[in-house]
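Here's the structure, in structure tokens; my notes come after.
There are 2 protein chains.
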Amino acid sequence: MPKSITITEIARESGVSISTVSRVLNGNVPVSPDKKERVEAAIRKYNYSPNALAKGLASRQSMTIGVILPDISNPYFSSLFCEIESAAHDAGYSILLCNTLYRSGSDAHLEEDYIQMMIDKHVDGLIIAGGQQDLIHPAKTYLAAIKRAASTLPLVMIGENIDGISCLFLDRERADGIYDAVKYLSSLGHKRIAFLGGEDGVKITASRVASYKKALSSLGLPVDENLIVLTNYYAQDGYRAAGLLLERGVSFTAALCINDSVALGSLRAFHDKGLHIPEDISLISCELFHSSEFFTPRITALDRCSSRFGRLVIQKLLNVIQNQEENDSLDISPKLIVRASCGPVPENN
Amino acid sequence: MPKSITITEIARESGVSISTVSRVLNGNVPVSPDKKERVEAAIRKYNYSPNALAKGLASRQSMTIGVILPDISNPYFSSLFCEIESAAHDAGYSILLCNTLYRSGSDAHLEEDYIQMMIDKHVDGLIIAGGQQDLIHPAKTYLAAIKRAASTLPLVMIGENIDGISCLFLDRERADGIYDAVKYLSSLGHKRIAFLGGEDGVKITASRVASYKKALSSLGLPVDENLIVLTNYYAQDGYRAAGLLLERGVSFTAALCINDSVALGSLRAFHDKGLHIPEDISLISCELFHSSEFFTPRITALDRCSSRFGRLVIQKLLNVIQNQEENDSLDISPKLIVRASCGPVPENN
DNA sequence: CTGAAAGCGCTTACAG
DNA sequence: CTGAAAGCGCTTACAG
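Structure below.
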């Protein structure tokens, strides 16, 4: 690869000092028009563009933001990421993305390593979504890594507060959504409502299950642990959860699925057993991705405004990095999008 | 934020020169055991980790690989990315990801800007998937940017060869898959087979449509332009394409969809018009993502081994970066996964 | 408005 | 095996 030309060449070519070239490049200090013009001509002539590594080292700003998440192929994370990337790019930052593949008890890459890597690369800010922070009991080494990161750079964690870590926690979880969903099912006459998908030991799951139980109780409906089947967050997990529920032989007429992917898998599993939605079973997704409106039937779902939330996240981080005022508060309360997957309780129930 | 400690502190603390610290850090040059031990102790004591920016500047290796793609929320790109990221991480590289949001004629971020940014950040290698390179006629400025990148760093383009650009082109497209799909439909008695989704002016679409036409001809089936509806690559585009096809009022008994997302949308559109799959219409997806096996009905689809392809891409790039031997050739010929979305031609046809 | 100089935190010949 | 020195390509007080 050819050696790229540097600020020194541009300075020589235009007969000024490198300081002056730097000044026209950054445009923050006045430069005399004629010198400015000569420098700009040289820049154009050589198609010069400054080395961001050198610039970052000297200015202590890498103009890079780090994002660590477990699985970019999960629609929740990818839509979050798109918002973050887009706004970051508009602000002049590029994104270092780490996909940890974290799943509890799997052979994932270590999140701690990724966090250290972000520190080493001197990102100007770091966003961590998902992963061990969502565990009710994260590993000590993970917490230590988070703490170290928080003391080194602006850090935004997408999730619940963790004691002893001082950084910005942004929690998208809102309890009211689940209540609305259960109430809607209840209004259709459903009494035995299952909960499918999500993962044991994970905060989001625990909190949604808790909201579900609370909603049932407050509506005078029975809470039955046999109606809760936790697996994971993907279509295959919805398929498995629905299958397990049916195997248990408990009666139910409706189910909450933790998200669209799980709803898709559950749909498939019920269909395989000859059960129809919504005639036999009513289904609601607790978190809408972009696809559920195309399922058959179209799935009633909670819209948690993930994409707007992504914008909030990056805005808050940029505010911290740039020492700016807070300006935005955002309504991300979940909204129930009623579609075709719920119906009245079947007659024989 | 506190000032992070540097190699100088470690050198002072352990009573050696920074050269020696550098040597134990990189472990390529022999260092006496006692000094080595003292340095390592100091490193542990201060939890020291070298500044990757400074290291990159001095060593001319940023240990970063750039990936530019149009939409990470598209399952094709996200699964490709996951493979790339994982293998890159194993080799010690981190990934700078740019999501250009490129769609022909949209207000996307300029791909040229992203390419320049990658050059500025001195990535050790760059992978470009999708975007303007897939157009039959890319813009001149885009081609110029690609050319500049190719002359500056190791570049892998995922797509067809472009004249005048010397970099590694890796094309995943294989003609035989489409033929197999059409032949399978033909064997079920279908004669009027539609093509849904994809985008006009885009190479992949053009090549799949060409393969489709060629397959029809070679099987003695009629080619009818009215049976081809190009829109785009997402579920909503499949929905729209199927709707447009029905509006045209041409008769058909089967359809090829350009990918799983389009198949999902088409499925929904046909269902809305009271048409059943596979009883009324047989459907095949020309590119499998992870979800079609959960659709109702399960969709017969071509498996193009995208994830294995991702591994190939990063391996080739690393080979170039590290001047290594080529070792891997990979079978990525498409395989038809027969599921439940195709049936015999309805009797009245 | 401008240049010389020091510095950002590393690596890498070079001489020993 | 080891240290002093130059250098990577920028920025940023400092003095004028």
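Taken in order, these protein sequences are the chains called A and B.
So the first sequence is numbered by our numbering: it starts at 66 and just counts up by one.
So the second sequence is numbered by our numbering: it starts at 66 and just counts up by one.
Glycine included, every Cβ here is placed at the ideal spot set by N, Cα and C.
This one's a predicted model, so the numbers in the text were calculated from it and none came from an experiment.
- A Cβ-Cβ separation of about 5 Å places A405 (chain B) in contact with R363 (chain B) under the 8 Å criterion.
- The shortest C-alpha to C-alpha distance from F354 (chain B) to any of B:K338, B:H341, B:S371 is the one to B:S371.
- Every alpha helix (DSSP H) stretch that sits fully inside the segment 308-381 of chain A and reaches 4 residues is listed by chain position as 325-337.
- Within its own chain, the residues whose Cβ lies closer than 7 Å to the Cβ of L329 (chain A), once the five positions on either side in sequence are excluded, are A300, G303, F360, listed in chain order.
- For M182 (chain B), the chain A residues whose Cβ falls inside 7 Å of its Cβ are S159, in order along the chain.
- The continuous stretches of beta strand (DSSP E) do not include L208 (chain B), which lies in the alpha helix (DSSP H) extending over residues 205-217.
- Here DSSP, grouped into helix, strand and coil, assigns C407 (chain A) to coil.
- Per DSSP, G266 (chain B) has no beta-bridge partner at all.
- The beta carbon of A156 (chain B) is closer than 7 Å to those of L383 in its chain, skipping five residues each way along the sequence.
- Distance from the CA of I243 (chain A) to the CA of S138 (chain A), rounded to the nearest whole angstrom, comes to 25 Å.
- Contacts between C163 (chain A) and chain B, judged by CB atoms closer than 8 Å, involve E150, H154, S159, I160 in chain order.
- DSSP places G121 (chain A) in the uninterrupted alpha helix (DSSP H) bounded by 117-124.
- By the C-beta density criterion, E150 (chain B) is buried, having at least 16 other C-beta atoms within 10 angstroms.
- Across the structure, C232 (chain B) and E290 (chain A) are spaced so that their CA atoms are roughly 59 Å apart.
- Non-local C-beta neighbours of K381 (chain B) in its own chain, meaning closer than 7 Å and more than five positions away in sequence, comprise V221, L233, L235, ordered along the chain.
- Sequence-distant Cβ neighbours of G229 (chain A) in its own chain, meaning closer than 8 Å and more than five residues away, are L208, K212.
- Under the three-state reduction of DSSP, M183 (chain A) is assigned to helix.
- Put simply, of B:M182, B:G92, B:K100 the residue whose alpha carbon is nearest the alpha carbon of S82 (chain B) is B:K100.
- Taking the beta carbon of Y304 (chain B) as reference, the chain A residues within 8 Å of it are F359, listed in sequence order.
- Approximately 6 Å separates the beta-carbon atoms of S398 (chain A) and D241 (chain A); this is inside 8 Å, confirming the contact.
- Listed in chain order, the non-local C-beta contacts of A334 (chain A) below 6 Å within the same chain comprise Y304, A307, G308, local neighbours out to five positions each way being set aside.
- Scanning the segment 216-266 of chain A from its first residue to its last, the whole alpha helix (DSSP H) runs of 4-plus residues come out as 241-252.
- For the pair V327 (chain A) and G285 (chain A), the Cα-to-Cα distance works out to about 27 Å.
- With a threshold of 16 other beta carbon atoms within 10 Å, G190 (chain A) meets it and is buried.
- Residue pairing by DSSP places K400 (chain B) opposite B:D368 in a beta bridge.
- Within the segment 125-149 of chain B, the residues whose Cβ lies closer than 7 Å to some Cβ of chain A are S127, I137, S138, P140, S143, S144, F146, C147, listed in chain order.
- Cβ proximity to chain A below 9 Å picks out Y299, A300, Q301 from the segment 289-302 of chain B.
- Note that the segment 128-137 of chain B touches the segment 189-206 of chain B; at least 3 beta-carbon pairs, one per stretch, sit closer than 8 Å.
- The beta carbon of I386 (chain A) sits closer than 7 Å to those of D189, G190, P219, all from its chain and outside the five residues before and after it, given in chain order.
- Looking at A:R109, A:V96, A:G92, the one whose alpha-carbon comes closest to that of I75 (chain A) is A:R109.
- Burial is judged here by how many other beta carbons sit within 10 angstroms of a residue's own beta carbon; I201 (chain A) has fewer than 16 and is exposed.
- By the rule that beta-carbons nearer than 8 Å mark a contact, S231 (chain B) does not touch chain A.
- Residues of the segment 184-200 of chain B that bring their beta carbon within less than 9 Å of a beta carbon in chain A comprise I184, D185, K186, H187, in sequence order.
- Straight-line spacing of the CA atoms in T71 (chain A) and S87 (chain A) works out to 11 Å.
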